[in-house]
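Student: Numbering (the working numbering), first residue to last: 2 to 374.
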Ligand SMILES: *Cc1c(COP(=O)(O)O)cnc(C)c1O
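#1: Closer than 5 Å from C-beta to any heavy atom of ligand 1: which residues, in chain order?
#2: Just to confirm, is the Cβ distance from residue 217 to residue 30 under 7 Å?
#3: Residue range of the alpha helix (DSSP H) that residue 18 falls in?
#4: The alpha helix (DSSP H) with residue 141 in it runs from where to where?
#5: Whose CA, out of 346, 146, 85 and 288, lies closest to the CA of residue 251?
#6: From which residue to which residue does the beta strand (DSSP E) around residue 284 run?
#7: How many angstroms separate the CA atom of residue 367 from the CA atom of residue 284?
#8: Count the CB pairs spanning the stretch 291-302 and the stretch 324-338 that are closer than 8 Å, and state whether there are at least three.
#9: Answer yes or no: do residue 316 and residue 308 have a C-beta to C-beta separation smaller than 7 Å?
#10: If you follow the alpha helix (DSSP H) that residue 59 is in, where does it begin and where does it stop?
#11: Pick helix, strand or coil for residue 67, following the three-state DSSP scheme.
#12: Within 10 angstroms of its Cβ, does residue 311 collect 16 or more other Cβ (buried), or is it exposed?
#13: Could you spell out where the beta strand (DSSP E) holding residue 250 opens and where it closes?
#14: Does the stretch 55-62 come close enough to the stretch 235-251 to have 3 or more Cβ pairs within less than 8 Å?
#15: On the DSSP bridge list, what partners appear for residue 334?
#16: Whole angstroms are fine: how far does the CA of residue 323 sit from the CA of residue 230?
#17: Taking only three categories from DSSP, how would you classify residue 100?
#18: For residue 341, does the three-state DSSP call read helix, strand or coil?
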């Protein structure tokens, strides 16, 4: 089989999605499935929908267009504030965009008027992460401006946590957000359909808090795809952490002279393997490198340790084991490794556990005499 490749288990993604959707629905929180780490891969997007997300979102319009072109018609949001230069594409591809700049909203409004349609905006409020967001004090004025902008509907307010700074969304912060929403609605005389409280980092809060307050939506990517809490890296109960596997091929295996330099900061091996007499250690090279993925973000099989990597080579210490040339090694990606591998043209995407055969194949099977011209 082609290597390097990333194997994608759709069944595990459907399971993870369903588990999170059901658990959060008990708290009246709906889930938006975030596809940016998989570059809007249409089959993964569909797996999230099959698992019950109410809508999809991505940070890039290109990924949203890719999903649309595959025929998926669900509501879609752009969760990075749009580029003014892409306003037309945003109106065409998305029902909703997340915004922090009035200039951008004005441009979206112009495009929406031009296309004779309406567009929803969610305004991001700054709650301490210091990435995107309108300062809470400025939000009232901002909302009033948006309410009189033609062809634009104010759908809700959103917040984001733990992306740029590791501010964990705790109970106190989330109650602050709820109170803030209540005041805003009263003072601006609006009713907000969506209060999107954050991302996968909000799950510990959402599962454990006494009441979720006004928050009725979370935008989840990493937890669905990798089954982990992005802050601690710990597995979330009931979720699969192995929906994705990167497979690379051995292209050299030799005993090398004792190394006189060790690299630090390698990927986290599932078991740290200290080689005391490394002069006798076997060394193998995998045909994968920094051009393909974030090598530091890969977990290795037990008893294999990382020596170093360059753009096209990953060098491993395999101890007493000698890996055959052409053998394959399985590597587990973290978020950063996953995102880059999904974006790398030389890594083949191999999808397993489809729910039904792709339409084209089904059609071919039913009509064996059909000639394609
Ligand atoms: C990436 C992103 C998310 C999803 O974050 P995960 O940690 O993958 O769940 C949600 N909201 C915004 C604004 C994002 O950029």
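The beta-carbon is built from N, C-alpha and C at its ideal position, and this holds for glycine as well.
Tutor: Reading it off the structure:
#1: 35, 80, 161, 200, 201, 220, 221, 222, 223 and 231
#2: yes
#3: Counting along the chain, residue 18 sits inside the alpha helix (DSSP H) bounded by residues 11-26.
#4: Segment 137-148, the alpha helix (DSSP H) holding residue 141.
#5: 288
#6: 283-287
#7: Reliability fails at residue 367, whose pLDDT of 46 lies under 50, so the model's placement of it is uncertain and no value is given.
#8: yes
#9: yes
#10: Not the alpha helix (DSSP H): residue 59 falls in the beta strand (DSSP E), residues 56-59.
#11: helix
#12: exposed
#13: 245-256
#14: In short, these stretches do not touch, since the Cβ pair count stays below three.
#15: 299
#16: 36 Å
#17: It is a strand residue.
#18: helix
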